[in-house]
Amino acid sequence: MAVQLEFPIFPLDSVLLVPGGMLPLHIFEPRYRAMVRDCLDGDRRFAMAAPMPGHSSAKEARPPVHPVCCLGEIVDHKLLPDGRSLLLLKGISRARILGELEVEAPYRVVRAELVPELRPDDDSLERGVAELRQLLEDRGEGLAGELAQFEDQVLVDTVLLRLDLEPAERLRLYADARVHERLRWILSMLRLRPNPGIEVRGEDPRLN
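Structure representation (C-alpha coordinates):
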(Lines of atoms letter the chains of each structure in order from A and count residues from 1; the text may use other names and numbers.)
(Lines give C-alpha, C1' and ligand atoms only; values in the text may rest on other atoms or scores of the structure.)
Protein backbone atom coordinates (compact mmCIF):
# COMPACT_ATOMS: atom_id res chain seq x y z
CA MET A 1 0.00 0.00 0.00
CA ALA A 2 1.33 3.42 -0.97
CA VAL A 3 2.44 5.73 1.83
CA GLN A 4 0.11 8.72 2.15
CA LEU A 5 1.17 12.03 3.70
CA GLU A 6 -0.03 15.60 4.10
CA PHE A 7 2.40 18.42 3.34
CA PRO A 8 2.61 21.99 1.99
CA ILE A 9 3.30 22.66 -1.67
CA PHE A 10 5.29 25.49 -3.22
CA PRO A 11 4.19 26.04 -6.86
CA LEU A 12 6.96 27.75 -8.81
CA ASP A 13 7.21 28.34 -12.55
CA SER A 14 9.86 26.40 -14.48
CA VAL A 15 11.29 24.76 -11.35
CA LEU A 16 11.27 21.02 -10.69
CA LEU A 17 12.85 19.13 -7.81
CA VAL A 18 13.94 15.50 -8.25
CA PRO A 19 14.62 12.77 -5.67
CA GLY A 20 18.22 13.09 -4.53
CA GLY A 21 18.58 16.51 -6.14
CA MET A 22 19.40 19.77 -4.36
CA LEU A 23 17.45 22.97 -4.99
CA PRO A 24 18.47 26.39 -3.62
CA LEU A 25 15.52 28.70 -2.97
CA HIS A 26 15.05 32.34 -2.02
CA ILE A 27 11.86 32.67 0.05
CA PHE A 28 10.41 36.18 0.16
CA GLU A 29 6.59 36.03 -0.16
CA PRO A 30 4.87 36.31 3.25
CA ARG A 31 2.82 33.12 2.77
CA TYR A 32 5.94 31.09 1.99
CA ARG A 33 7.85 32.68 4.84
CA ALA A 34 5.07 31.30 7.06
CA MET A 35 5.34 27.93 5.34
CA VAL A 36 9.09 27.75 5.95
CA ARG A 37 8.66 28.72 9.62
CA ASP A 38 6.06 26.00 10.10
CA CYS A 39 8.20 23.42 8.28
CA LEU A 40 11.23 24.26 10.40
CA ASP A 41 9.09 23.81 13.52
CA GLY A 42 7.90 20.44 12.16
CA ASP A 43 9.47 17.82 9.90
CA ARG A 44 11.22 20.39 7.62
CA ARG A 45 9.39 19.04 4.56
CA PHE A 46 7.39 20.58 1.73
CA ALA A 47 6.96 19.78 -1.95
CA MET A 48 7.79 21.65 -5.11
CA ALA A 49 4.79 21.53 -7.46
CA ALA A 50 4.75 22.62 -11.10
CA PRO A 51 1.89 24.81 -12.36
CA MET A 52 0.08 23.16 -15.24
CA PRO A 53 1.09 24.36 -18.72
CA GLY A 54 -0.66 27.62 -19.48
CA HIS A 55 -0.72 28.66 -15.82
CA SER A 56 1.76 30.65 -13.77
CA SER A 57 2.52 31.04 -10.08
CA ALA A 58 3.76 34.55 -10.87
CA LYS A 59 0.35 35.57 -12.24
CA GLU A 60 -2.09 33.39 -10.25
CA ALA A 61 -2.47 33.08 -6.49
CA ARG A 62 -3.51 29.42 -6.69
CA PRO A 63 -2.59 27.98 -10.09
CA PRO A 64 -3.64 24.40 -10.83
CA VAL A 65 -0.61 22.17 -10.37
CA HIS A 66 0.57 18.98 -12.02
CA PRO A 67 -0.49 15.94 -9.95
CA VAL A 68 3.09 14.66 -9.65
CA CYS A 69 5.32 16.74 -7.43
CA CYS A 70 8.48 16.09 -5.41
CA LEU A 71 8.61 16.10 -1.63
CA GLY A 72 11.75 17.71 -0.25
CA GLU A 73 13.45 18.33 3.07
CA ILE A 74 15.13 21.56 4.16
CA VAL A 75 18.77 20.61 4.75
CA ASP A 76 20.15 24.13 5.13
CA HIS A 77 18.49 27.41 6.08
CA LYS A 78 19.60 30.98 6.56
CA LEU A 79 17.18 33.58 7.92
CA LEU A 80 17.93 37.09 6.65
CA PRO A 81 17.40 40.20 8.84
CA ASP A 82 14.32 41.30 6.88
CA GLY A 83 12.56 37.94 7.24
CA ARG A 84 13.50 36.46 3.89
CA SER A 85 15.14 33.03 3.81
CA LEU A 86 17.79 31.28 1.77
CA LEU A 87 17.41 27.54 1.96
CA LEU A 88 18.54 24.33 0.35
CA LEU A 89 15.88 21.71 -0.34
CA LYS A 90 16.83 18.07 -0.93
CA GLY A 91 14.46 15.92 -2.96
CA ILE A 92 13.12 12.86 -1.13
CA SER A 93 10.50 11.24 -3.34
CA ARG A 94 8.10 11.86 -6.16
CA ALA A 95 4.54 12.09 -4.89
CA ARG A 96 1.11 12.01 -6.50
CA ILE A 97 -1.34 14.61 -5.23
CA LEU A 98 -4.67 13.06 -4.26
CA GLY A 99 -6.41 16.21 -3.11
CA GLU A 100 -5.95 19.66 -1.66
CA LEU A 101 -6.92 20.30 1.97
CA GLU A 102 -8.84 23.21 3.41
CA VAL A 103 -6.47 24.81 5.91
CA GLU A 104 -6.20 28.07 7.81
CA ALA A 105 -2.58 28.55 6.79
CA PRO A 106 -1.90 31.08 3.99
CA TYR A 107 -0.12 28.43 1.91
CA ARG A 108 -1.53 25.34 0.24
CA VAL A 109 -1.48 21.84 1.77
CA VAL A 110 -2.18 18.58 -0.06
CA ARG A 111 -2.74 14.94 0.69
CA ALA A 112 -0.51 12.78 -1.49
CA GLU A 113 0.98 9.33 -1.87
CA LEU A 114 4.69 8.73 -2.32
CA VAL A 115 5.72 7.32 -5.69
CA PRO A 116 8.84 5.12 -5.42
CA GLU A 117 11.34 4.95 -8.27
CA LEU A 118 10.87 1.84 -10.43
CA ARG A 119 14.03 0.20 -11.74
CA PRO A 120 14.54 -2.77 -14.09
CA ASP A 121 15.58 -6.17 -12.76
CA ASP A 122 18.48 -6.51 -15.21
CA ASP A 123 21.57 -4.38 -15.88
CA SER A 124 19.96 -2.31 -18.65
CA LEU A 125 19.86 0.79 -16.45
CA GLU A 126 23.59 0.59 -15.72
CA ARG A 127 24.38 0.11 -19.40
CA GLY A 128 22.12 2.98 -20.38
CA VAL A 129 23.68 5.30 -17.81
CA ALA A 130 27.15 4.41 -19.11
CA GLU A 131 26.03 5.34 -22.62
CA LEU A 132 24.54 8.60 -21.32
CA ARG A 133 27.81 9.53 -19.62
CA GLN A 134 29.70 8.80 -22.84
CA LEU A 135 27.31 10.93 -24.89
CA LEU A 136 27.72 13.80 -22.44
CA GLU A 137 31.50 13.45 -22.59
CA ASP A 138 31.40 13.48 -26.39
CA ARG A 139 29.42 16.73 -26.31
CA GLY A 140 32.16 18.48 -24.31
CA GLU A 141 31.11 21.76 -22.63
CA GLY A 142 32.23 20.36 -19.28
CA LEU A 143 28.94 18.53 -18.81
CA ALA A 144 30.42 15.09 -18.16
CA GLY A 145 32.68 16.40 -15.41
CA GLU A 146 29.96 18.55 -13.89
CA LEU A 147 27.49 15.67 -13.75
CA ALA A 148 29.97 12.91 -12.81
CA GLN A 149 29.09 13.34 -9.14
CA PHE A 150 25.50 12.20 -9.71
CA GLU A 151 24.36 8.60 -9.33
CA ASP A 152 22.23 7.02 -12.05
CA GLN A 153 18.71 8.21 -11.21
CA VAL A 154 19.81 11.74 -10.25
CA LEU A 155 21.93 11.96 -13.40
CA VAL A 156 18.99 10.92 -15.58
CA ASP A 157 16.66 13.44 -13.96
CA THR A 158 19.23 16.25 -14.04
CA VAL A 159 19.72 15.80 -17.78
CA LEU A 160 15.94 15.65 -18.23
CA LEU A 161 15.54 18.99 -16.44
CA ARG A 162 18.23 20.61 -18.60
CA LEU A 163 16.98 19.46 -21.99
CA ASP A 164 15.24 22.05 -24.14
CA LEU A 165 11.71 20.63 -24.01
CA GLU A 166 8.17 21.89 -24.15
CA PRO A 167 6.73 22.16 -20.60
CA ALA A 168 4.04 19.54 -21.20
CA GLU A 169 6.59 17.03 -22.55
CA ARG A 170 8.97 17.63 -19.64
CA LEU A 171 6.17 17.10 -17.13
CA ARG A 172 5.04 13.91 -18.87
CA LEU A 173 8.53 12.44 -18.57
CA TYR A 174 9.06 13.82 -15.06
CA ALA A 175 5.90 12.06 -13.87
CA ASP A 176 7.03 8.63 -15.11
CA ALA A 177 8.28 6.67 -12.09
CA ARG A 178 10.25 4.29 -14.33
CA VAL A 179 13.77 5.68 -14.34
CA HIS A 180 14.77 3.34 -17.20
CA GLU A 181 11.95 4.72 -19.37
CA ARG A 182 13.04 8.30 -18.70
CA LEU A 183 16.58 7.27 -19.60
CA ARG A 184 15.45 5.46 -22.75
CA TRP A 185 13.70 8.59 -24.00
CA ILE A 186 16.71 10.81 -23.20
CA LEU A 187 19.10 8.48 -25.03
CA SER A 188 16.81 8.39 -28.06
CA MET A 189 16.73 12.17 -28.14
CA LEU A 190 20.50 12.52 -27.80
CA ARG A 191 21.15 9.96 -30.52
CA LEU A 192 18.77 11.65 -32.94
CA ARG A 193 19.74 15.22 -32.05
CA PRO A 194 23.47 15.60 -31.37
CA ASN A 195 22.86 19.14 -30.09
CA PRO A 196 19.50 19.05 -28.30
CA GLY A 197 20.20 22.09 -26.15
CA ILE A 198 21.32 20.92 -22.72
CA GLU A 199 21.57 23.89 -20.39
CA VAL A 200 24.92 24.47 -18.71
CA ARG A 201 24.10 26.33 -15.51
CA GLY A 202 26.15 28.88 -13.67
CA GLU A 203 24.85 30.78 -10.66
CA ASP A 204 21.33 29.75 -9.81
CA PRO A 205 18.84 32.58 -10.52
CA ARG A 206 16.59 31.47 -7.65
CA LEU A 207 19.19 32.86 -5.26
CA ASN A 208 18.96 36.37 -6.74
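Whatever position you read off the sequence shown (first residue = 1), add 310 for the working numbering. For every residue, glycine included, the Cβ atom is placed at its ideal position computed from N, Cα and C. Bear in mind that the values here come from a model prediction, so they are computed numbers and not experimental data.
Take Asp323 as the anchor and find which of Asp392, Leu335, Ala312 has the nearest alpha-carbon. Leu335
Residues of its chain near Arg488, where Cβ-Cβ distance is below 7 angstroms and the 5 sequence neighbours each way are ignored: Leu428
In whole angstroms, what separates the C-alpha of Val419 from that of Met358? 12 angstroms
For Gly409 and Phe356, I'd like the C-alpha separation in whole angstroms. 15 angstroms
Return the chain-ordered list of same chain residues with a C-beta closer than 8 angstroms to the C-beta of Ala368, the five sequence neighbours on each side being excluded. Asp323
Distance, Tyr484 Cα to Ser498 Cα: 16 angstroms
Taking three-plus beta-carbon pairs below 8 angstroms as touching, is the stretch 336-355 in contact with the stretch 387-403? yes
Comparing alpha-carbon positions, which option in Ala440, Arg472, Leu473 lies nearest Ala458? Ala440
Pro340 lies in the alpha helix (DSSP H); which residues open and close that run? 340-351
Helix, strand or coil at Val328 [DSSP, three-state]: coil
Grouping DSSP H, G and I as helix and E and B as strand, with all else coil, what is Arg404? strand
Just the C-alpha distance for Glu414 and Asp353, rounded to the nearest angstrom, thanks. 19 angstroms
Report the CB separation of Glu316 from Leu411 in whole angstroms; it is logged as a contact under 8 angstroms. 6 angstroms
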